[in-house]
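Asks:
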Amino acid sequence: MRLNRSAMITIAVALALFASLAVVVTAAEKNDRTMSEVPVPAIPQGQGERCVEDTDFMRRNHMTLLMHQRDDTMLQGIRTKQYSLKECVNCHAVQGKDESAVSVSDPKHFCRACHDYAAVKIDCFECHSSRPEIDAASPHDGLIAEMLKE
Amino acid sequence: MNRKADKPATAMPFDPGRRSFLAGTAATAGVALAPGIFLYSVGASRSAEARALDEAASSEVRWGMLIDVNRCDSGCNDCVSACVTENGLQGHGRPATDPQWIRKIDLRDPNTGREQSLPVMCQHCDEPPCVDVCPTGASFKRADGIVLVNKHTCIGCRYCISACPYKARSFVHETLEDQKSYAPRGKGTVESCTLCVHRIDDDRQPACVEACSDTGGGAMLFGDLNNPDSEIARRVAQYASQQIRADLGLNPAVRYRNL
Amino acid sequence: MKRTIYSEIDGKSGRFYLLAAVLAALTLSGFVAALYMEHYGHYITGMNNQIVWGLPHVFAIFLIVAASGALNVASIGTVFGKRIYKPLGRFSGLLALALLLGGLTVLVLDLGRPDRLIVAMTTYNFTSIFAWNIYLYVGFIGVVAVYLWMQMERRMNRYARAAGMLAFLWRLVLTTGTGSIFGFLVAREAYDSAIMAPLFIAMSFSFGLAIYVLVLLAACHGSGREIGDAVLRRLGRLLGVFVAVVLYFTAVQHLTNLYAAEHLGVERFILLDGGIFTVLFWGVQVTVGGLLPLLLLFRSPPVNSVVSARGLVIACLAIVAGGFAQVYVIVIGGQAWPLNLFPDREVSSSFYDGVISNYSPSLPELGLGLGGVALTGLIVLFGIRILRFLPTTLADSAIDPNFVSSADKS
């Protein structure tokens with residue numbers, strides 16, 4: 102099974118072709134989120150005093166918390182709010198030009214601020230709403246608001 | 131009631147929105163006392179066993195539904211509309227690919243000409259074929275009997291759609307926007323009726339059931355089949371009820387009367 | 003009979019580069035089609051909530067089924083000790099790998115979330131035949147690779163038989179697994195039959211060998227290598243048997259289904275009034291893919307070699323066409339027939355209950371499927387270009403143990 106020289110070259114070319122294909126495929130991925138042009142991420146401030154854990158801890162570990170919460174909620178119906186994605190979105194909402202919260206299609210969105218910078222891609226917002234629910238967290242709470250007004 | 135009140139302080143000690151959160155708790159009780167829901171006294175029988183937020187769903191419960199076909203009007207589509215609104219299922223005007231979590235089926239007996247109408251959604255089988263065939267385990271049955279798709283691990287192979295005897299599942303065929311925050315959905319994954327799991331975990335009834343009792347014929351009853359004191363368990367014990375395709379032995383949690 | 007010598011093909015001719023370019027272009031357009039489908043979502047295809055598996059799955063299942071069949075030639079040589087097949091073994095292994103990779107690529111690229119392939123590889127649900135198939139496919143690639151190595155590395159030759167045995171058993175299980183995908187769909191009347199697994203095995207023998215013969219002839223022809231009558235006649239005869247077995251199992255499949263009263267409807271649909279499916283079944287699957295090859299392959303001894311080779315090629319092409327139609331009828335036809343939620347009632351709804359579903363394949367689906375075929379071709383082409391898969395000659399004098407030198411064969 103000795104390979105001759107041109108065989109090696111052919112293999113190398115094939116591998117290179119394959120690799121470049123992979124690059125093209127990834128590059129053409131659906132989310133054409135533009136890279137942030139700012140050299141350092143300008144991270145919008147969350148509402149309230151502090152985050153659900155130490156800010157520093159959150160910076161490094163928010164993905165682990167989210168993944169864990171995701172499985173707990175999805176598989177077991179555990180609905181604690183502390184690490185709920187819905188709550189992150191609610192509290193970290195960023196106001197856009199028209200006073201309403203921006204969606205993740207806007208580079209100013211909290212979750213994009215450093216993901217763009219760090220070239221991290223997440224698919225969460227293909228399904229999850231990236232804005233707080235317009236009439237509060239659930240239609241139920243909408244009812245509450247009305248009742249409180251009366 | 132007030133499972134939330136058990137846990138509020140520990141759940142989020144630093145929550146600036148805690149006040150509205152507690153207000154929500156109080157209001158939930160108010161709504162639970164609203165007449166529409168009281169009709170079947172589901173709220174009352176459920177509250178005793180309602181879970182705390184940090185408590186996992188229990189296999190002692192089996193959520194189910196009893197649908198009285200005689201009370202279901204052929205022209206009425208309220209359960210379907212409620213489902214669409216609740217879960218943000220507005221289609222794209224392409225009926226072959228638009229999702230339907232619940233649909234009305236009109237039946238006609240060719241021998242007698244008798245016509246009936248009934249809603250069909252995921253039947254939340256005890257032995258769900260979709261769960262058996264799913265390669266990644268994304269299709270699963272929660273401890274309390276609700277059959278769900280874990281969209282985080284669904285790869286979109288659609289084997290479960292083929293396997294479902296009830297045609298209850300849909301595939302998301304296009305990019306979606308503006309989903310409901312409590313009902314995430316997205317392109318390339320399979321979905322079906324969740325029995326409004328986000329409502330159930332919030333001690334509320336599925337949207338279709340609520341709509342049916344509010345404006346429809348009051349044909350749908352939701353509750354815990356495992357709790358002998360619940361309205362639904364009493365009724366299925368008392369009256370004959372049927373399962374669709376009972377011959378398959380899947381033991382669905384959705385039952386029908388007068389079918 | 004001499005010792006078989008293998009060599010790479012030259013790969014310097016214009017024809018080689020042309021073929022490589024065409025295959026590469028087709029493969030690339032397959033990837034582009036997949037990207038397009040993924041970007042817009044599946045609504046731009048012919049697939050929908052009723053027909054959830056479309057043309058890509060027909061291509062994928064056809065290629066995967068053929069892959070395990072293509073390995074048979076190697077098995078007959080090493081496992082069953084037929085010496086004339088031995089020189090054909092390496093190429094058989096290569097083709098099997100290429101077909102499987104082509105088919106799997108199509109299958110994966112059609113997923114709703116191909117980006118989650120890693121999830122499919124790391125989280126298993128062991129009650130799912132689909133999950134088992136992932137193991138079977140990956141294992142097949144490994145087993146065949148080892149088998150090839152044993153055949154190609156002189157020091158390892160003595161293990162070739164054991165490896166061949168393993169590969170043979172593996173491929174039987176693999177095809178059973180593929181067939182069982184349909185067997186598990188309890189509520190789909192068209193698939194509710196235990197015959198599905200043996201039928202798929204028979205199909206794999208037949209499609210795999212037909213493709214093998216076609217590709218072998220093309221490779222030998224293209225690289226100016228001789229291929230003798232004896233080996234072609236043998237392959238042809240074997241192919242004839244396989245075609246007959248497929249026809250037999252097809253008959254059993256439909257007869258047993260007819261026997262079950264509740265399946266009369268779907269049988270009537272496929273066999274009598276299913277439109278395109280009925281045409282494909284009788285016209286392409288049975289007539290072109292079954293009867294015609296039988297006629298061509300079992301004619302009384304061919305007059306001269308030219309006619310026999312041409313007859314063989316036509317037979318193989320017919321088998322491929324018929325096989326594709328067969329998979330199409332099984333996959334799409336089986337889904338087009340509506341699920342019966344309420345036996346004995348007439349049903350209607352907004353969700354196509356009780357309605358025979360329509361499917362018209364779209365261009366991206368075809369592109370993706372053809373891309374898989376082209377990828378298979380590309381792998382074979384590169385394989386024989388860089389490694390020694392093909393014997394320098396398959397002339398009777400070189401490989402037929404019964405060859406008598408007085409005969410005036412060329």
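Protein chains in written order, with the numbering used here: chain S, 102 to 251; chain W, 131 to 389; chain D, 3 to 412.
The C-beta atom is built at its ideal place from N, Cα and C for all residues, glycine as well.
All of these numbers come straight from a predicted model, not from anything done at the bench.
1) Leaving aside the five residues before and after Ala62/D along the sequence, list all residues of the same chain whose C-beta is less than 6 Å from its C-beta, in chain order.
2) So what does DSSP say about Gln196/S, is it helix, strand or coil?
3) Residue range of the beta strand (DSSP E) that Trp193/W falls in?
4) For chain W, is any of its Cβ atoms less than 7 Å away from the one on Gly369/D?
5) Where does Lys281/W land, buried or exposed, given buried means 16+ other C-beta within 10 angstroms?
6) Just reading off the alpha helix (DSSP H) that Arg160/S is part of, what are its end residues?
7) For Asp173/S, which residues of its own chain have a beta-carbon under 7 Å away from its beta-carbon, when the five flanking residues on both sides are left out?
8) So, with DSSP's three-state summary, where would you put Cys260/W?
9) Going along the chain, which residues of the stretch 19-53 of chain D sit with their C-beta nearer than 9 Å to a C-beta in chain W?
10) Would you give the residue range spanned by the beta strand (DSSP E) that Gly390/W belongs to?
11) Leaving out the 5 sequence neighbours to the left and right, which residues in its chain are closer than 7 Å to Ile285/W when beta-carbon positions are compared?
12) Only counting the same chain, and skipping five residues up and downstream in sequence, which positions put a Cβ closer than 8 Å to that of Met164/S?
13) Is it the case that the Cβ atoms of Val333/D and Val60/D are separated by a distance below 7 Å?
14) Could you give the DSSP three-state label for Ile386/D: helix, strand or coil?
15) Between which two residues does the alpha helix (DSSP H) containing Tyr139/D stretch?
16) Does chain S have any CB closer than 7 Å to the CB of Ala186/W?
17) Should Pro225/W be labelled buried (16 or more other beta-carbon atoms within 10 Å of its own) or exposed?
18) To which residues of the same chain is Phe405/D closer than 6 Å at the C-beta, ignoring the five residues directly before and after it?
19) Which term fits Ser189/W, buried or exposed, when burial requires 16 or more other beta carbons within 10 angstroms of its beta carbon?
20) Which residues in the same chain as Asp355/D place their Cβ atom closer than 6 Å to its Cβ, once the five residues preceding and following it in sequence are excluded?
21) Can you pull out the residues from the stretch 314-327 of chain W whose beta carbon lies closer than 9 Å to at least one beta carbon of chain S?
22) To the nearest angstrom, how far is the alpha carbon of Glu304/W from that of Ile291/W?
23) Spell out whether any CB of chain W is found under 7 Å from the CB atom of Lys187/S.
24) Against chain W, does Thr180/D count as a neighbour if the rule is that its beta carbon must be under 7 Å from one of theirs?
25) Which of the three DSSP states is assigned to Ser230/S in this structure?
26) Quick one: list the residues of chain D neighbouring Leu301/W, beta-carbon separation under 7 Å, in chain order.
27) Do the CB positions of Thr29/D and Ala246/D come within less than 7 Å of each other?
28) Threshold first: 4 residues or longer. Then list the alpha helix (DSSP H) segments lying entirely within the stretch 24-96 of chain D, N to C.
29) Using a Cβ-Cβ distance under 7 Å, would His282/W count as near chain S?
30) Excluding sequence positions up to five away, which residues of its chain have a Cβ less than 6 Å from the Cβ of Ala194/S?
31) Is Gly166/D closer than 7 Å to Tyr149/D when the C-beta atoms are compared?
32) Mind pulling the chain W residues with CB within less than 8 Å of Arg171/S?
33) Near Gln220/W, what residues of its chain come up, given a Cβ to Cβ distance below 8 Å and the 5 sequence neighbours on each side ignored?
34) Which one or two residues does DSSP pair with Val320/W in a beta bridge?
Replies: Reading it off the structure:
1) Gly105, Val108 and Leu109
2) strand
3) Trp193 to Asp198
4) no
5) buried
6) Thr156 to Asp172
7) Ile179
8) helix
9) Glu40, His41, Tyr42, Gly43, His44, Tyr45, Ile46, Thr47, Met49, Asn50, Asn51, Gln52 and Ile53
10) The first residue shown for chain W is 131 and the last is 389, placing residue 390/W beyond what the model contains.
11) Thr266
12) none
13) yes
14) helix
15) Ile131 to Met154
16) yes
17) exposed
18) Asp398 and Ser399
19) exposed
20) Val349
21) Pro314, Arg315, Gly316, Lys317, Gly318, Thr319 and Val327
22) 17 Å
23) yes
24) no
25) coil
26) Per the sequence presented here, residue 301/W reads as Phe, with Leu not at that position. Near Phe301/W (Cβ distances below 7 Å), the residues of chain D are His44, Asn51, Val54 and Gly114.
27) no
28) 57-72 and 74-80
29) yes
30) Ala202 and Pro233
31) yes
32) His282
33) Val214
34) Phe301/W
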